[in-house]
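Accompanying notes for the structure given below.
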Amino acid sequence: MYYIRRAAPRDPGSKIIFRFPVFLAALVLVFASCERLRDMVYPAADGGRTAESPDASSPHAGQPAVEEQADLEETIAALTRREQTEAGIVIGALNDAGLPPEIAVKLEAAVAESPAFILDLLACLKGDPFLRRLVDKSHALPEGYQPEDLVELAPGSYELGRQGLLLRRPAAEALEKMAAAARTDGVVLVASSTYRSYAYQVEVYNRNVRELGQAAADRESARPGYSQHQTGLAVDFGSIDDSFAQTRAGRWILEHGSRFGWSLSFPDGYEDITGYRWESWHYRYVGEDLAAFIDTWFGGIQQYALQFIHAWEKDGSNR
Ligand SMILES: [Zn+2]
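Counted the way the numbering used here counts, the sequence shown spans residues 8 to 326.
Structural data, given as structure tokens:
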């Protein structure tokens, strides 16, 4: 699905400017491959084959149009090269991202077939890079990272598990928006744990190691520097245990969360991929574009999409 049709951009100006070259490339490619369309638009360029061309009989009239046609073909060739380069990088990244082969193969076919995947990808790349940053067992945040726009949550449409919870401003706003929608469905969301500093994660992790042992602690909690909670974009909801999945809130967020930019980080059955056991309560704010990208192309598995984007940004850094 073309994401471009799905939601109104927050900043339409920058989105249009950002997408325009790709859109133009796609448009020109369609033109290039469609002989009939080209005949309609540039009748004289075909040597006056078409009856609609008033100058078809004049020996000189075709000359400027021929030059125009040559220019157009050059533009098409340049744009095609560019698109092929981009598609090549995407396909390379799909291979480098450590995705299951069947997913990589399916997405490679999608890239070859239409520009939809690349357009959706580009939509995710505008704005804050921390929304799409891979933060997992083997990818840490920058040393000493602390977000600059943390705000203290105040009960609004959602409730709070305790006082003093912090989130980054865009995540706090998206939480309010999601919670307001949940309220209209008669569901109350409770934010129980949000931003954790590096120092606090040291405490959480060490306590888990003391109480559960190293191996179990690693299934449950991140080492300091490797926690999504340190991004200020993650929320643990409700009871923070498996019973949350069966609650109305648990079911509601699973169904509707991505519409508001929230993505389940550690789904059931993906411990080998994410490194964490199923956490039905842990959501990360990734923004609406990326949440849609994850759902549309990666079956809702955030880890796959972030691994791919990580590989794509690395592979394409020389472009
Ligand atoms: Zn969590």
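Backbone N, C-alpha and C fix where the C-beta goes; we use that ideal spot for every residue, glycine too.
Note that the structure is a prediction, hence the values are computed from the model and not measured.
Strand pairing of residue i, partner residues [DSSP]
| i | result |
| --- | --- |
| residue 270 | 291 |
| residue 157 | 175 |
| residue 244 | 198 |
Residue i, DSSP secondary structure in three states
| i | result |
| --- | --- |
| residue 167 | strand |
| residue 38 | Residue confidence is low: residue 38 scores 38 on pLDDT, short of 50, so the model does not pin down where it sits. Its coordinate-derived value is still stated next. Three-state result, residue 38: helix. |
| residue 211 | helix |
| residue 88 | helix |
| residue 175 | strand |
| residue 142 | coil |
| residue 302 | helix |
| residue 132 | coil |
| residue 265 | helix |
| residue 282 | coil |
| residue 108 | helix |
| residue 228 | coil |
| residue 255 | helix |
| residue 61 | A caution first: residue 61 carries a pLDDT of 38, below 50, which makes its placement in the model unreliable, though a value can still be read off. Reduced to three states, the DSSP call for residue 61 is coil. |
| residue 188 | helix |
| residue 220 | coil |
| residue 311 | helix |
| residue 99 | helix |
| residue 250 | helix |
| residue 147 | coil |
| residue 205 | helix |
| residue 275 | coil |
| residue 316 | helix |
| residue 30 | The predicted model places residue 30 with a pLDDT of 42, which falls under 50 and marks its position as unreliable, so this point remains unresolved. |
Short Cβ contact (7 Å threshold) for residue i with residue j
| i | j | result |
| --- | --- | --- |
| residue 166 | residue 197 | yes |
| residue 169 | residue 240 | no |
| residue 181 | residue 267 | yes |
| residue 272 | residue 309 | yes |
| residue 190 | residue 164 | yes |
| residue 288 | residue 245 | yes |
| residue 106 | residue 311 | yes |
| residue 1 | residue 173 | The question about residue 1 has no answer, for the chain in this structure spans 8 to 326. |
| residue 260 | residue 139 | no |
| residue 216 | residue 224 | yes |
| residue 270 | residue 293 | yes |
| residue 100 | residue 322 | yes |
| residue 103 | residue 298 | no |
| residue 131 | residue 251 | no |
| residue 238 | residue 124 | no |
Any non-hydrogen atom of ligand 2 closer than 6 Å to residue i Cβ
| i | result |
| --- | --- |
| residue 135 | Looking for ligand 2 in the displayed structure turns up nothing; the ligands present are ligand 1. |
Self-check item: the region 245-255 touching the region 300-308, judged by at least three CB pairs closer than 8 Å
Solution: no
Quiz item: When a residue counts only if its C-beta is closer than 5 Å to some heavy atom of ligand 1, which residues count, in chain order?
Solution: 243 and 289
Exercise. Determine, using beta-carbon pairs with one atom in the region 200-207 and one in the region 109-122, whether at least three such pairs fall under 8 Å.
Key: Judged by Cβ distances under 8 Å, the region 200-207 makes no contact with the region 109-122, as fewer than three pairs qualify.
Exercise. Could you tell me whether the region 268-285 touches the region 115-129, using the rule of 3 or more Cβ pairs below 8 Å?
Key: Result no; under three Cβ-Cβ pairs closer than 8 Å.
Quiz item: Are the region 227-235 and the region 141-159 touching by the rule of at least three beta carbon pairs closer than 8 Å?
Solution: yes
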